[in-house]
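Encoded as structure tokens, the structure appears first; notes follow it.
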Amino acid sequence: MQIDERIVGDVKVLDLKGRVTLGDGDELLRDKINSLLNQGFKKIVLNLAQVPYIDSAGLGEIVPPTRPSAGRAEV
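Those letters in the sequence shown? Residues 139 to 213, per the working numbering, in order.
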């Protein structure tokens with residue numbers, strides 16, 4: 139999986155490309171989101187237009203986090 143970043147206004151957009159599955163993108167996505175949250179980004183959008191498949195591990199990284207520092211999440 140590949141993740142490209144861009145900013146639109148005050149929103150960080152992550153353009154995901156490829157499959158998001160156990161061992162193939164799930165950890166990369168989790169690390170990227172955690173890094174952005176630690177940098178203070180509050181608005182993060184995942185663009186899944188070029189993601190052909192997401193398994194349960196990948197979905198677990200997309201579902202709203204239960205981390206208190208993450209703030210509000212919407213799916």
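In this text, a Cβ means the ideal position worked out from N, Cα and C, and glycines have one as well. Quantities reported herein were computed from a predicted structural model and do not represent experimental measurements.
| query | Would ILE192 pass as a contact of VAL151 if the rule is Cβ separation under 8 angstroms? | reply | Sequence index remark: in the sequence shown, residue 192 carries index 54 (1-based). Sequence index remark: in the sequence shown, residue 151 carries index 13 (1-based). In this structure, the beta-carbon distance from ILE192 to VAL151 does not fall below 8 angstroms.
| message | Rounding to the nearest angstrom, what Cα-Cα distance links ARG168 and PHE179 in this structure? | response | Here residue 168 is taken as the residue at index 30 of the sequence shown, counted from 1. Here residue 179 is taken as the residue at index 41 of the sequence shown, counted from 1. When rounded, the distance between both Cα atoms is 14 angstroms.
| Which whole runs of the alpha helix (DSSP H) in the region 140-203 are 4 residues long or more, in chain order? | Listed in chain order, the complete alpha helix (DSSP H) runs (minimum 4 residues) inside the region 140-203 are 164-176, 194-200.
| 8 angstroms contact criterion, which GLN188 and LEU166 should meet: CB distance rounded | Taking the first residue of the sequence shown as 1, we reach residue 188 at position 50. Taking the first residue of the sequence shown as 1, we reach residue 166 at position 28. Not confirmed; about 15 angstroms, so no contact.
| request: Within the same chain, show all residues whose beta-carbon is closer than 6 angstroms to that of VAL149, passing over the 5 residues directly before and after it, in chain order. | output: The residue labelled residue 149 in the question sits at position 11 within the sequence shown. Listed in chain order, the non-local C-beta contacts of VAL149 below 6 angstroms within the same chain comprise LYS181, VAL183, local neighbours out to five positions each way being set aside.
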